[in-house]
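What follows is a short report on a single structure.
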Amino acid sequence: MEPLIALLIGVLFAAGIYSLLRRSIVKLVIGVVLISQGANLLVFTSGGLLAGRPALVEAGATVLEAPFGDPLPQAMVLTAIVIGFGLTAFLLALVCRAHEAVGDDDINAFDNTDT
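Just so we're aligned, residue 111 is where the sequence shown starts under the numbering used here, counting upward by one.
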């Protein structure tokens, strides 16, 4: 399962970088979203992929029995998802306003945006 996730992370990063290098501002936003999701998946995978083993200490036990998934990367990914959503909303607002000002989504058309 982990090699498949590693391949998926690589594909997300590659597609994100490819989209960032396009001339369309909408594709630039899509690239940022893909890289953000790839980074989230990378951090989530670093905590370990274990099915059916929550990181909770059972009643009467003093230590957590191995194997268990690390809960810290899971919490970090939840925070990163919210931050990524906010960044995406901000970028989409910028794209809408830039499209109103310029009338095109080509990045080279943004040279003369001073009004």
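Glycine included, every Cβ here is placed at the ideal spot set by N, Cα and C.
Contact under 8 Å by Cβ, residue i with residue j
| i | j | result |
| --- | --- | --- |
| Ser-134 | Leu-144 | no |
| Ile-119 | Gly-141 | no |
| Val-153 | Val-187 | yes |
| Pro-183 | Ser-156 | yes |
| Leu-159 | Ile-115 | yes |
| Ser-146 | Gly-194 | yes |
| Phe-200 | Val-212 | no |
Buried or exposed (CB count within 10 angstroms, at least 16 for buried), residue i
| i | result |
| --- | --- |
| Asn-150 | buried |
| Leu-117 | exposed |
| Leu-204 | exposed |
| Leu-122 | buried |
Proximal residues to residue i (C-beta, below 7 Å), its chain only, five neighbours per side dropped
| i | result |
| --- | --- |
| Lys-137 | Ser-129 |
| His-249 | Residue 249 lies beyond the residue range present for the chain, which begins at 111 and ends at 225; the question has no answer from this structure. |
Cross-strand partners of residue i (DSSP beta bridge)
| i | result |
| --- | --- |
| Ser-134 | Asp-216 |
Neighbourhood of residue i by C-beta distance below 8 Å, restricted to the same chain and skipping five residues each side
| i | result |
| --- | --- |
| Arg-132 | Leu-138, Gly-141 |
| Ile-217 | Arg-133, Ser-134, Ile-135, Leu-138 |
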